[in-house]
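Data first, discussion second: the structure below is written as structure tokens.
Chains as they are written, first to last, in our numbering: chain E, 5 to 85; chain Y, 3 to 169.
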């Protein structure tokens with residue numbers, strides 16, 4: 005069973021942080037979409053390794069962690085600056 | 003900073019921020035909480051600020067953003083405290099898990115955090131403390147880096163003036 009608390013608030017906190025991502029045109033380093041995809045895969049693997057934190061009884065993934073990375077990516081996509 | 007660091011740090015910072023958020027969300031039943039999680043998120047931001055510098059930092063914490071987050075965190079914390087004072091007579095009374103039966107059931111349900119622990123307002127307090135701490139620690143580092151940039155630019159201008167005078 006998926007608990008709403010960490011999922012909802014993890015997404016909101018991640019969204020707030022993701023909305024502040026701003027790619028600088030002066031920078032020599034650019035992060036294409038593929039790099040964000042790699043981060044998402046790495047985050048899913050980390051969430052699997054963390055396990056059902058903090059309640060230990062719900063899904064096999066750390067739902068707060070997954071919601072946070074989805075929130076960061078959603079904030080980046082919606083407020084793409 | 004080296005190119006290897008610049009490629010590695012931004013993705014790593016995103017993952018560290020997720021760990022900080024997870025620490026905030028589990029603060030009411032596991033070690034951690036608002037301060038620790040907020041410090042982890044601020045650490046990820048500082049990691050980026052040190053490697054990329056303030057101008058090229060992918061996480062752009064503007065003055066308005068920091069002021070808004072700081073204000074939201076402080077006001078919401080005080081608001082939860084005042085809600086406890088209003089409904090039970092005690093500042094920061096845990097309305098969601100009303101042990102003494104002082105609060106109406108509708109208000110208890112309103113403040114109940116949607117999880118199986120029913121920790122009441124504690125997770126909300128963690129979240130708002132986390133917002134305050136992440137902004138506070140980030141602001142300190144931003145201020146130090148801006149002062150350093152300002153001093154460096156002053157020294158450069160003074161050197162140029164000296165060179166012009168000697169010529």
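Here a beta-carbon is modelled for each residue, glycine too, at the ideal position from N, C-alpha and C.
Values in this document were obtained by computation on a predicted structure and should not be read as measured data.
Any chain E beta carbon closer than 8 Å to residue i
i, result
"residue 79 (chain Y)", "no"
"residue 28 (chain Y)", "yes"
"residue 57 (chain Y)", "yes"
"residue 158 (chain Y)", "no"
"residue 42 (chain Y)", "no"
Backbone CA spacing between residue i and residue j [nearest angstrom]
i, j, result
"residue 4 (chain Y)", "residue 31 (chain Y)", "41 Å"
"residue 16 (chain Y)", "residue 157 (chain Y)", "35 Å"
"residue 26 (chain E)", "residue 11 (chain Y)", "15 Å"
"residue 128 (chain Y)", "residue 9 (chain E)", "13 Å"
For residue i, the residue or residues it bridges with in DSSP
i, result
"residue 25 (chain E)", "Y:61"
Any chain Y beta carbon closer than 8 Å to residue i
i, result
"residue 17 (chain E)", "yes"
"residue 84 (chain E)", "no"
"residue 79 (chain E)", "no"
"residue 35 (chain E)", "yes"
Residue i beta carbon near the ligand MN (any heavy atom closer than 7 Å)
i, result
"residue 69 (chain Y)", "This structure simply doesn't include the ligand MN, nor any ligand for that matter."
Residues in the stretch 59-93 of chain Y with C-beta within 7 Å of chain E's C-beta atoms, listed in sequence order?
Only 60, 61, 62, 63, 67 from the stretch 59-93 of chain Y bring a Cβ to less than 7 Å from some Cβ of chain E.
Chain-ordered residues of the stretch 55-76 of chain E with a beta carbon less than 7 Å from chain Y:
57, 58, 59, 66, 68, 69, 72, 73, 76
At what residue ranges does the stretch 47-119 of chain Y contain a whole run of the alpha helix (DSSP H), taking only runs of 4 or more?
65-90, 107-113
Residues in the stretch 6-25 of chain Y with C-beta within 8 Å of chain E's C-beta atoms, listed in sequence order?
8, 9, 12, 13, 16, 17, 19, 20, 21, 23, 24
Please name the residues in the stretch 137-152 of chain Y whose beta-carbon is closer than 8 Å to at least one beta-carbon of chain E, in chain order.
Within the stretch 137-152 of chain Y, no residue has a Cβ that lies closer than 8 Å to any Cβ of chain E.
Quick one: complete alpha helix (DSSP H) runs, 4+ long, within the stretch 11-66 of chain E?
37-54
Beta carbons nearer than 8 Å to chain Y: which residues of the stretch 20-31 of chain E have them?
Residues 20, 21, 24, 25, 26, 27, 28, 30, 31.
Select from the stretch 93-120 of chain Y all residues with a C-beta closer than 8 Å to any C-beta belonging to chain E, and list them in chain order.
115, 116, 117, 118, 119
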